[in-house]
Amino acid sequence: MNATESQAIDNYVPDELDVQIMQSLQRDGRESFSDMARRLGIAVSTVSKRYVNLVDRGIVKIIGRVDPNKVGFNSYAAILVQVDGIQGISRVAAQIAELPEVSFLAMRTGEYDLEVNVMCCDNNHLLDLMNNHLSKIEGIRKTETVMYLKVYKWGQPELSLIR
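This is the structure we're talking about:
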């Protein structure tokens, strides 16, 4: 891939039809291309080509979304992490990202540098994660953990909000 092709991929903005296809996949990832095409009033080949394009560009990733409660993940927490020195944030974040319990990781503003959302089987699992894994990462100065008592919604962003 040359530089122009790479830039074209990086600057790609999904059009209305792409958004409709992505919304369909979010509602029901198993919907057939023919059903989707019929509902959208377009050819099956158009849905197929658009789908392949979205996957190839990395805009759409096909995953199986599991309901964590139904498979034994019953302890959720947000762990705020303060890192020694701004230069260490990326290194610490890379190590945290490797922990299998991590479902969300972001750099943030404020007193803490990183926010880590984790899903654990129970509180003992969460304690093990914090005491035997997170605390061993060099460069973490301080953490604060906030437990989620009940999660009311898991989801993806609503694509109709794209402008």
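Once you know that position 144 of the sequence shown is 156 in our numbering, the rest is easy, because the numbers rise by one and skip nothing.
Where a beta carbon is used, it is the ideal one built from N, C-alpha and C, also for glycine.
Predicted model, so just to flag it, every value in this text is computed and none were measured.
Rank the options by C-alpha distance to the C-alpha of residue i and give the top, closest one.
| i | options | result |
| --- | --- | --- |
| Glu123 | Asp96, Leu111, Ile75, Glu113 | Asp96 |
| Arg153 | Gln35, Lys165, Gly100 | Gly100 |
| Asp40 | Ile74, Ala118, Ala106 | Ile74 |
| Gly70 | Thr121, Leu117, Tyr24 | Tyr24 |
| Val31 | Thr121, Asn65, Asn135 | Asn65 |
| Phe85 | Thr157, Gly167, Ser115, Phe45 | Ser115 |
| Val158 | Ser46, Ala118, Leu138 | Leu138 |
| Met119 | Ser102, Tyr164, Cys133 | Ser102 |
Is DSSP giving residue i helix, strand or coil here?
| i | result |
| --- | --- |
| Gln168 | coil |
| Glu156 | strand |
| Tyr88 | strand |
| Asp27 | coil |
| Met13 | Caution is warranted here: a pLDDT of 46 is assigned to Met13, below 50, making its placement in the model unreliable, and no coordinate value can be reported. |
| Val9 | As displayed, the chain neither begins before 13 nor continues past 175, which places residue 9 out of reach and without an answer. |
| Leu12 | The structure shown does not extend to residue 12, since the chain is modelled only from 13 to 175, so the question has no answer here. |
| Val95 | strand |
| Ser147 | helix |
| Ser36 | helix |
| Arg10 | The shown model of the chain, from 13 to 175, leaves out residue 10, and the question about it has no answer. |
Can you tell me the Cβ-Cβ gap for residue i and residue j, rounded? I've got them flagged as a contact below 8 Å.
| i | j | result |
| --- | --- | --- |
| Val93 | Asp140 | Not confirmed; about 17 Å, so no contact. |
| Leu37 | Arg62 | Not really, about 11 Å apart at Cβ, beyond 8 Å. |
| Gly229 | Val104 | Because residue 229 is not part of the residues shown, which for the chain are 13 to 175, the question remains open. |
| Val72 | Met34 | 6 Å |
| Ile149 | Gln107 | 5 Å |
> Three or more C-beta pairs closer than 8 Å, one from the region 82 to 98 and one from the region 119 to 129: is that the case here?
Replying inline: yes
> Does the count of Cβ pairs from the region 130 to 147 and the region 101 to 111 closer than 8 Å reach three?
Replying inline: yes
>> With a threshold of 8 Å, are at least 3 pairs of Cβ atoms found where one atom belongs to the region 39 to 54 and the other to the region 78 to 85?
In response: no
> Quick one: complete beta strand (DSSP E) runs, 3+ long, within the region 60 to 144?
Replying inline: 87 to 95, 114 to 119, 126 to 132
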